[in-house]
Amino acid sequence: MTQPLTIERLSAHYGKVQVLEDFSLKIEAGELVSLLGASGCGKTTTLRLIAGFLEPTGGTIRLGDQDLTRLPAHRRNIGLVFQNYALFPHLTVAENVGFGLKQRGAAVPERAARVAAMLERVELTDLGDRLPAALSGGQRQRVALARALVIEPPLLMFDEPLSNLDAKLRVGMRAEIRQMQRANGTTSVFVTHDQEEAFSISDRVAIMQAGRIMQFDTPETLYSRPANAFVARFVGFENLIEMRVLARKGDLVEAEAMGGARLTLSQVEFGAIPDAFVLGARPEGLMVVGPDAPGIPATLGLRSYLGRAYQYLCDSAVGPLTAQGLLGAAQEVGSAARLQPVAAQCCILAPEA
Amino acid sequence: MKQPLHPALIAFAVVVFFFLVAPLVIILGAAVSDTTFLTFPPKGFSTRWFVKIFEMAAFRRTIVTSLEIAFLATGLALLFGLPAAYALNRYRVQLPSWLSTVFVLPILVPEIVLGFSLLKSVAVGVDMPVFATLVAGHTLIVLPYAVRVISASLSSFDFSMEEAAISLGSPPIKTFFTIVLPNVRSAVIAAFILAFITSINDVSVSLFLTGPGVSTLPIQILAHVEQFFDPVIASVSVLLMVLTVGVMAVVELTLGLTFLAK
Ligand SMILES: Nc1ncnc2c1ncn2[C@@H]1O[C@H](COP(=O)(O)OP(=O)(O)OP(=O)(O)O)[C@@H](O)[C@H]1O
Ligand SMILES: [Mg+2]
């Protein structure tokens, strides 16, 4: 029942505007994959293409060994959960949930039994006779989920299903969705622009920008080993410093940044370092040390208190940087210091062409 | 926590109420007057003027004609107007913005002019039968109302509901009837009533298009008052009102009930 989703070289246009370009993605059977990206990057468009509400101008979409590309939307058998729930306001909760079964010609008793079982699963047993208008946001979200799940589709898709809920409910629903998806082993696509949400719920995440996938990997890999500057910035490597290697000595690499700052980096700690590279560092990956220690020379600017450390906006020869310093050693604005990279919070990127 | 109403507000409401109700009372009174001329307050009480309407063949005929035309024109207006309103809203982003204006243009053209041009082009030019021309003319004047009223309701319709239904296996056309239509039902009823009333009361377009042997009730009333000044006019007006209210009630009830029976 669970099937892989294969998207190959998909492209899509709205009028003359190209929204997706050469978009390929393979989702394994039973996997939950998130599409993550800023507003307008084409996440919803991708879902609409898979669901069949939009015709691609090129490429193919396959579910298992079935080619969906030219199949009409109502024959694709995909469970969809919308951001605004899209419940049918003139039907009761039970009728909403039973809608898909009715389309499939399920007999009335069977339908009633399956709807009841599904309502129990989403803990809405007592609300079957209500109209959607008389439900809270969280309850509506459950109905939407139940309505999509009850048809037992081989593919489930969610378009920012939690963005209308308050923070606490969001975390709870997130876990619920994940549990149900696991229990059924349904291949799923989850759209969000919330990085934490994507990382916590997904097996793998596709980070998108302007209609293209920038990196498709497990959350762990994305978080610690971004493949390019865009993804690096996205996962919090705020400082990107272009460098080139001057000399190599065993594991040690001596590298120089623009403006002459020199660093000695160990390939055991940082991984393989090419001759030209970009050093990515989270704020906590640049440690503020004394002006005589090795590191990037900088002038400390605005200091903010983070609880576990101080964060400084710094000026340096390579441009503005964000670094962190120990609580015990608060530094004054305008004092000179050096910034030392901490390997665990840094990454090495190939330079952008 | 009820606020006491301001006396001026009450007085204002009474005046408005009076202006709304007075014509009805006067016509109703005049219609049952036991006199041979139109008068208010009525002298005596008689229902003979109502009987008289049905004794006059011209009235009998035009009542039927008016009803036929009103039903046909309203039906046609909904038949064209509903899909038009749907398309205008469903494909709002793809369609040019002036397109929805096209559907209100007939309202902007003075009805007299509309009637006259229809007479020149369709009745005389194409030599279309009088009845068909009347239906066409009435369809044209009520179509904008149908499109506007249904459009207003569809503009707040969330079309992702339609996509949800389709994704659950409901074919697009079926989805229109099971998901879209039930949610704009009251607008369709309102459009029906508005179109029907507009058609059955229309004078200006019908004036040009009525021809030998085929006339509508308002035109017949007009012809009648040119010659007579008896209470028949008042009783016909009452009848017209009763018909209109009756149709409204039937539409509300049947559409309302079929919806419940679904
Ligand atoms: N119907 C449309 N006609 C023209 N352009 C459109 C249409 N729908 C979306 N777009 C454009 O296509 C691009 C991708 O839109 P899409 O809705 O896929 O973004 P998204 O990633 O889902 O964003 P969000 O997070 O805001 O929902 C955007 O630049 C948007 O302006
Ligand atoms: Mg979107």
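From first to last, the protein sequence lines are chains A and B. Quick note on numbering that gives the first Met the number 0: the first sequence kicks off at 0 and runs consecutively. Quick note on numbering that gives the first Met the number 0: the second sequence kicks off at 0 and runs consecutively. A virtual CB, placed ideally from N, CA and C, is assigned to each residue, including glycine. Values in this document were obtained by computation on a predicted structure and should not be read as measured data.
- If you draw a straight line from the Cα of Gly136 of chain A to the Cα of Asn163 of chain A, it comes to about 8 Å.
- Taking 7 Å as the cut-off, the beta carbon of Ala147 of chain A is found closer than this to the beta carbon of Val80 of chain A.
- With the criterion set as a beta carbon lying under 9 Å from some beta carbon of chain A, the members of the stretch 160-191 of chain B are Met160, Glu161, Glu162, Ala163, Ala164, Ile165, Ser166, Leu167, Gly168, Ser169, Pro170, Pro171, Lys173, Thr174, Thr177, Ile178, Pro181, Asn182 and Arg184, in sequence order.
- In the DSSP assignment, Leu24 of chain A falls within the beta strand (DSSP E) that extends over Val16 to Ile26.
- The residues Val134, His137, Thr138, Val141 and Ser198, in chain order, have a CB closer than 6 Å to that of Ala72 of chain B in the same chain once the five nearest residues on each side in sequence are set aside.
- Excluding the 5 residues flanking it on each side, Pro290 of chain A has same chain C-beta neighbours closer than 7 Å at Ala335, Ala336 and Arg337, in chain order.
- In this model, Val230 of chain A and Gly63 of chain A are separated by some 30 Å (Cα to Cα).
- For Ser135 of chain A, the secondary structure class from DSSP, reduced to helix, strand or coil, is coil.
- Contacts with chain B (Cβ-Cβ distance below 7 Å) from the stretch 81-115 of chain A involve Phe81, Asn83, Ala85, Phe87, Pro88, His89, Phe98, Gly99, Gln102 and Arg103, listed in chain order.
- Each residue's CA atom was taken as its position, placing Leu161 of chain A and Val146 of chain B some 36 Å apart.
- Residue B:Ser234 holds the alpha-carbon nearest to the alpha-carbon of Phe44 of chain B among B:Met240, B:Val250 and B:Ser234.
- Arg47, Ala50, Gly51, Phe52, Pro71, Ala72, His73 and Arg74: these are the residues of the stretch 47-74 of chain A whose beta carbon lies less than 9 Å from some beta carbon of chain B, given in chain order.
- The Cβ of Ile77 of chain A sits closer than 7 Å to at least one Cβ of chain B.
- The C-alpha of Arg232 of chain A lies about 42 Å from the C-alpha of Leu123 of chain A.
- Checking the 6 Å criterion, the Cβ of Thr43 of chain A is within range of a heavy atom belonging to ligand 2.
- For the C-beta of Ile150 of chain A, the chain B residues within less than 8 Å are, from N- to C-terminus, Leu167 and Gly168.
- Exclusion of Cys313 of chain A from the 6 Å shell around ligand 1 follows from its C-beta lying no nearer than that to any non-hydrogen atom of the ligand.
- With respect to Val202 of chain B, Pro217 of chain B sits close: the two C-beta atoms are nearer than 7 Å.
- The beta-bridge partner set that DSSP reports for Gly36 of chain A consists of A:Met207.
- For Gly279 of chain A, there is no enclosing alpha helix (DSSP H); the enclosing beta strand (DSSP E) has its first and last residue at Ala275 to Ala280.
- Taking the Cβ atoms as the reference, Arg129 of chain A lies roughly 5 Å from Val92 of chain A, within the contact range of under 8 Å.
- Contact between Ser201 of chain A and Val16 of chain A fails: their C-beta atoms lie close to 29 Å from each other, not under 8 Å.
- Annotation: Ala246 of chain A to Gly36 of chain A spans about 38 Å, alpha carbon to alpha carbon.
- In this structure, ligand 1 has no non-hydrogen atom nearer than 6 Å to the beta-carbon of Val170 of chain A.
- Per DSSP, the beta bridge partners of Phe189 of chain A are A:Ser33 and A:Phe157.
- DSSP places Gln266 of chain A in the uninterrupted alpha helix (DSSP H) bounded by Gln266 to Phe269.
- The DSSP-derived three-state label of Ala11 of chain A is strand.
- In this structure, Val80 of chain A has its beta carbon at no less than 6 Å from each heavy atom of ligand 1.
- Asn238 of chain A is bridged by DSSP to A:Ala280.
- Take the alpha-carbon of Lys42 of chain B and the one of Phe49 of chain B: they are about 16 Å apart.
- Between Met257 of chain A and Val341 of chain A, the C-beta gap is not smaller than 7 Å, which leaves the two residues out of contact.
- Secondary structure note for Thr138 of chain B: its alpha helix (DSSP H) is the uninterrupted segment Val129 to Leu153.
- Apart from the 5 residues on each side of it in sequence, Ile25 of chain B sits with its Cβ closer than 7 Å to the Cβ of Phe39 in its chain, given in chain order.
- Membership of Glu54 of chain A in any alpha helix (DSSP H) is not indicated, and neither H nor E is assigned to it by DSSP.
- Excluding its 5 nearest sequence neighbours in each direction, Thr59 of chain A has C-beta neighbours in its own chain below 6 Å: Glu7 and Thr68, listed in chain order.
- Membership of Ala166 of chain A in the alpha helix (DSSP H) is indicated by the continuous run Ala166 to Asn183.
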